[in-house]
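The numbers in the numbering used here rise by one with no breaks, and the one at position 465 of the sequence shown is 474.
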Amino acid sequence: MSLHKTACAAGLAIALLFTTGSHAATEAADARAGKTLHLFLSTSETGLDPAVASDLASLNLMENVFDPLLRYDYLARPVKLQGNTARGLPKVADGGRTYIFQIQPGIFFTPDPAFKGKPREVTAQDYVYSLTRLYDPNLKSPWLFLLEDKLVGDAALKARFSYDRPIAGLQALDKYTLRIRLNGVDPNFLFYLAMPATGVVAREVAEAYPAAGQFGNHPVGTGPFMIKEWKRSDKIVLEANPTFRKSLFHTEPAALAALAPGDQAIATALEGKQLPLVQRIEVRIVEEYQSRMLGFLKGEFDYLEQVPESLTDMVLDHGKLKPELATRGITLDRFPVLQTYYMWMNMDDPVLGGYTKDKLALRRAIALSYNSREDIALLKKGLALPAQSPLPPNVLGYDKDYRSPVGYDPALARALLDRYGYKLGADGFRHQPDGTPLILSMHTEANMVGRLRDELWRRNLNAIGLRVEFKSDKKTEIIKASRLGKVQMFETNWVADFPDGDNFMQLLYGPNSGRANYARFNLPDYNKRYEEARLLSDSPRRRSLYFDMSQLIHAYTPWVLLTHPISADLQQPWLKNYRRHPVEFTSWRYLDVDMTRGRPAGK
10 MSLHKTACAA
20 GLAIALLFTT
30 GSHAATEAAD
40 ARAGKTLHLF
50 LSTSETGLDP
60 AVASDLASLN
70 LMENVFDPLL
80 RYDYLARPVK
90 LQGNTARGLP
100 KVADGGRTYI
110 FQIQPGIFFT
120 PDPAFKGKPR
130 EVTAQDYVYS
140 LTRLYDPNLK
150 SPWLFLLEDK
160 LVGDAALKAR
170 FSYDRPIAGL
180 QALDKYTLRI
190 RLNGVDPNFL
200 FYLAMPATGV
210 VAREVAEAYP
220 AAGQFGNHPV
230 GTGPFMIKEW
240 KRSDKIVLEA
250 NPTFRKSLFH
260 TEPAALAALA
270 PGDQAIATAL
280 EGKQLPLVQR
290 IEVRIVEEYQ
300 SRMLGFLKGE
310 FDYLEQVPES
320 LTDMVLDHGK
330 LKPELATRGI
340 TLDRFPVLQT
350 YYMWMNMDDP
360 VLGGYTKDKL
370 ALRRAIALSY
380 NSREDIALLK
390 KGLALPAQSP
400 LPPNVLGYDK
410 DYRSPVGYDP
420 ALARALLDRY
430 GYKLGADGFR
440 HQPDGTPLIL
450 SMHTEANMVG
460 RLRDELWRRN
470 LNAIGLRVEF
480 KSDKKTEIIK
490 ASRLGKVQMF
500 ETNWVADFPD
510 GDNFMQLLYG
520 PNSGRANYAR
530 FNLPDYNKRY
540 EEARLLSDSP
550 RRRSLYFDMS
560 QLIHAYTPWV
570 LLTHPISADL
580 QQPWLKNYRR
590 HPVEFTSWRY
600 LDVDMTRGRP
610 AGK
């Protein structure tokens, strides 16, 4: 479908009325004219509602359409927050329990009929409304955990929700001043305010499209891009927002000197330029790995993040980029992703869920059957590290010396199953302790890599006498079913929303069941430690708690920990300013296209 055709045209006229510095805006528009990025997303989007969407494709798009208060400095390493719609970082008071933000005047939503033809400026009250939406019981926001029980007075919102119910923890003091008060110190709270989930939306637009999911089909934001065309699960076209505020890239001299040489060159190229730098972004949904790779090699896509493990031989030779690709100007960069792959098991499932010794033995045996060396060598092509805990390297709280007590040991797995009554039948497969057949059910993605993963698990599980059946579907559908507790096992991954171990440890916190806690793990000993740890910054006490929590995960085995990927990223010679960020999903606003570098005709 095509969105906002009338509104987009009107927006160009309206922009002249309230865009500061019309001459500078015209120069920026002229500089980006005719420049198009060609990109892909690996899964279908579900909808572009910041409070609701949590799939990776939707998050990529929302990051460019909606504006949270803060965002990350593009090139700073370690990562650093900076103001976005807020004028810099907030004033902090009350020992870290109160934050006061000053919203930049002159930020406008993209035009929409809900605004009745008038420019609609962003105010502090819009952020009050947008954050309150996470509590709306009708939305069932998967992001409620970011704020729940943290804002002063939010118990009233949970007890009897109303958008018009004020709470002390979330107040607009005046048109541009937002005050957020917390019940206790949360060291990661500012990270939450740089996530798409906390992006600002307009109440008029949300109320104009009140049906379930309808607002997510009608995104109206303040970001650098706006949705121009949308063919669901196929193609999305974004155009530069003609009303986007003055946003000039700048790096302080001291910060510039601290950057790596390659990043210094990018910072110098971007210095003083109005963002974004391209007029149009064409995004295709390409779920098959081979189609992505072939499309990149034909010049259809400007970059490819995370070369599929099964296809590395197409571009790498002994770990290096093939000479014929290097000759074309294609470049390779290895990127340590803040990401963990794991296979979770539903703790409410009647076959393998629960906390009794026999169920624990079954899950432990499944974990002991997993051959990480084979997985990394054959399927990951060496581009991964074995996961010892939920935390990947480079997040706060990661312990490089921690080692999992659960390794590949099929003999021990068989002994455990024998001891707890999972006896082998005449067919070579095991029965449950009560004598009924034991058939495991694992959901899987319907693509080539999904089929390779299936074969790995089938071989591992069959080797210890466990029969497994696979149910293939799109990942978005599997996630929906997972939240309802209708999936027994599924192999998935978590990408850091912010660079702290809390973002991973919360995946097994009991109250997050039905949301990010797909395993529905709910262990009081784990919950108690998590509740203490989430109030601490990175410290010896928190690292001690994380050690205990990791040990509990290994003891009860709601997860089989798999790998932390090392991403092999490729980019075309005509793409400028590309640098992958450890936390933010995209770098689209910073990217430029060199029109002289040989993009294939018609691309």
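Using N, Cα and C, we set each Cβ at its ideal position, and we do this for glycine too.
Cβ pair residue 45, residue 301 closer than 8 Å: Contact: no.
Output yes or no for whether 8 Å exceeds the beta carbon distance between residue 524 and residue 474. No, the Cβ-Cβ distance between residue 524 and residue 474 is not below 8 Å.
C-alpha distance - residue 97 paired with residue 79, whole-angstrom precision: So the two alpha carbons sit approximately 8 Å from each other.
Closest Cα partner of residue 390 within the set 321, 210, 76: Distance from the Cα of residue 390 is smallest, within the candidate group 321, 210, 76, for 321.
Please confirm whether residue 343 and residue 575 have their CB atoms less than 8 Å apart. A contact, by the Cβ cut-off of 8 Å.
Counting pairs of beta carbons, one from the segment 210-221 and one from the segment 118-130, are three or more of them closer than 8 Å? They touch, by the three-pair rule.
Kindly indicate which residue of 238, 100, 242, 253 has the alpha-carbon position closest to the one of residue 231. It is 253.
Alpha-carbon spacing of residue 93 relative to residue 183, whole angstroms: Spanning the two alpha carbons is a distance of roughly 19 Å.
Taking just the CA atoms, how far does residue 362 sit from residue 22? Residue confidence for residue 22 is low, a pLDDT of 37 falling below 50, so the modelled location carries little weight and cannot support an answer.
Where residue 512 sits in the DSSP three-state scheme: In the three-state reduction of the DSSP assignment, residue 512 falls in the helix class.
Decide if residue 138 is buried, meaning its Cβ has at least 16 other Cβ atoms within 10 Å, or exposed. In this structure residue 138 is buried. Its beta-carbon is surrounded by 16 or more other beta-carbon atoms within 10 angstroms.
Does any heavy atom of the ligand PLP sit closer than 7 Å to the C-beta of residue 580? With respect to the ligand PLP, the structure offers nothing, as it holds no ligand at all.
Applying the 10 Å Cβ sphere with the 16-neighbour rule, what's the burial state of residue 368? Its Cβ being crowded by 16 or more others within 10 Å, residue 368 is buried.
Helix, strand or coil for residue 466, going by three-state DSSP, please let me know. In the structure shown, residue 466 sits in a helix (DSSP, three-state: H, G or I).
I'd like to confirm the pairing. Which residues does DSSP put opposite residue 292 in its beta bridges? Per DSSP, 48, 245.
Since residue 312 and residue 581 are thought to touch, with beta carbons under 8 Å apart, how far apart are those beta carbons, to the nearest angstrom? Contact flag correct, Cβ pair sits at about 7 Å.
Quick check: the Cα distance between residue 603 and residue 325, rounded to an integer number of angstroms? If you take the alpha carbons of residue 603 and residue 325, they lie about 26 Å apart.
Rounded to whole angstroms, how far is the Cβ of residue 161 from the Cβ of residue 600, which I believe are closer than 8 Å? With 8 Å as the limit, residue 161 and residue 600 do not qualify as a contact, their Cβ atoms being about 41 Å apart.
Would you kindly work out how many angstroms separate the C-alpha atoms of residue 598 and residue 247, rounded to a whole number? When rounded, the distance between both Cα atoms is 11 Å.
Quick check: residue 171 and residue 60, are their CB atoms within less than 8 Å of each other? No, the pair does not count as a contact, with Cβ atoms beyond the cut-off.
DSSP state of residue 392, grouped into three classes? Residue 392: coil per DSSP, three-state reduction.
Under the assumption that residue 388 contacts residue 461 (Cβ atoms under 8 Å), give the Cβ distance between them as a whole number of angstroms. 6 Å between Cβ atoms; contact.
Could you tell me the distance, in whole angstroms, from the CA atom of residue 284 to the CA atom of residue 255? Using only the alpha carbons, I get a separation of about 8 Å.
Could you tell me whether the Cβ atoms of residue 567 and residue 528 are closer together than 8 Å? In this structure, residue 528 lies closer than 8 Å to residue 567 by Cβ.
Take residue 350 and list the residues in its own chain whose beta-carbon comes closer than 6 Å to its own, dropping the five residues that flank it on each side. Result list for residue 350: 502, 571, 572, in chain order.
Looking only at its chain, what residues have a beta carbon closer than 7 Å to the beta carbon of residue 56, apart from the 5 residues adjacent to it on each side? Hits under 7 Å: 62, 67, 222, 225, 226.
Can you list, in chain order, the residues of its chain whose CB lies under 6 Å from that of residue 364, leaving out five sequence neighbours each side? Here residue 364 has no same chain residue with a Cβ atom under 6 Å from its own Cβ, once five neighbours each way along the sequence are excluded.
Contact set for residue 623: own chain, Cβ-Cβ below 6 Å, skip 5 residues either direction: Any question about residue 623 goes unanswered here, given that the chain covers just 10 to 612.
Using beta-carbon positions only, say whether residue 69 and residue 50 come within less than 8 Å of one another. Yes, Cβ-Cβ distance for residue 69 and residue 50 is below 8 Å.
Looking at the secondary structure, which residues open and close the alpha helix (DSSP H) in which residue 473 lies? From DSSP, residue 473 is part of no alpha helix (DSSP H); its letter is neither H nor E.
Between the Cα of residue 77 and those of 201, 469, 485, 395, spot the shortest distance and give me the residue it belongs to. Nearest C-alpha to residue 77: 201.
Measuring CB atoms only, is the segment 420-439 touching the segment 463-478, in the sense that at least three cross pairs come out at less than 8 Å? Yes: the two stretches touch, three or more of their Cβ pairs being nearer than 8 Å.
Just the Cα atoms here: how many angstroms apart are residue 539 and residue 192? Taken atom to atom, the span from the alpha-carbon of residue 539 to that of residue 192 is near 17 Å.
So, helix, strand or coil for residue 597, using DSSP? Helix at residue 597.
Helix or strand or just coil, what does DSSP make of residue 485? Looking at residue 485 - three-state DSSP - the assignment turns out to be helix.
What alpha helix (DSSP H) runs, 4 residues minimum, are completely inside the segment 493-549? Runs of the alpha helix (DSSP H) inside the segment 493-549: 511-514, 533-542.
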